[in-house]
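Colleague: For any residue, its number in the numbering used here is found by taking its place in the sequence shown, counting from 1, and adding 172.
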Amino acid sequence: MSLDTVAAPSRFAVRIAHHFGEIADTLDWDHTRWQALDVRLQATGKAPEALTLAELSAAIVATVQEAAR
Numbered sequence: 173m174s175l176d177t178v179a180a181p182s183r184f185a186v187r188i189a190h191h192f193g194e195i196a197d198t199l200d201w202d203h204t205r206w207q208a209l210d211v212r213l214q215a216t217g218k219a220p221e222a223l224t225l226a227e228l229s230a231a232i233v234a235t236v237q238e239a240a241r
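(1) Cα separation between Lys218 and Ile232?
(2) What first and last residue would you give for the alpha helix (DSSP H) that runs through Glu238?
(3) Give the secondary structure of Pro220 by DSSP, where H, G and I count as helix, E and B as strand, and everything else as coil.
(4) Mapping the DSSP letters down to three states, classify Asp202 as helix, strand or coil.
(5) Just the Cα atoms here: how many angstroms apart are Leu140 and Arg241?
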């Protein structure tokens with residue numbers, strides 16, 4: 173049995189989990205949404221490895237909102 177004290181996740185951990193949750197939600201997308209996300213991410217002009225989680229999250233949200241119109 174561990175004697176470690178279980179602590180609530182830090183705000184940072186919660187934010188990381190949120191971003192990864194949004195990324196995981198894209199697994200249910202169809203091809204059209206994936207293409208729209210790809211175009212949006214390429215428009216940033218950044219290499220994929222240079223994108224931040226916040227930028228990915230913002231692109232995902234924008235793609236979802238665009239598809240809802």
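We put the beta carbon where it would ideally sit given N, CA and C, even for glycine.
Note that the coordinates shown come from a computational prediction; the quantities given were computed from them, not determined experimentally.
Modeller: So, to answer that:
(1) 16 angstroms
(2) 225-240
(3) helix
(4) coil
(5) The chain is shown only over 173 to 241; residue 140 falls outside these bounds and no answer can be derived.
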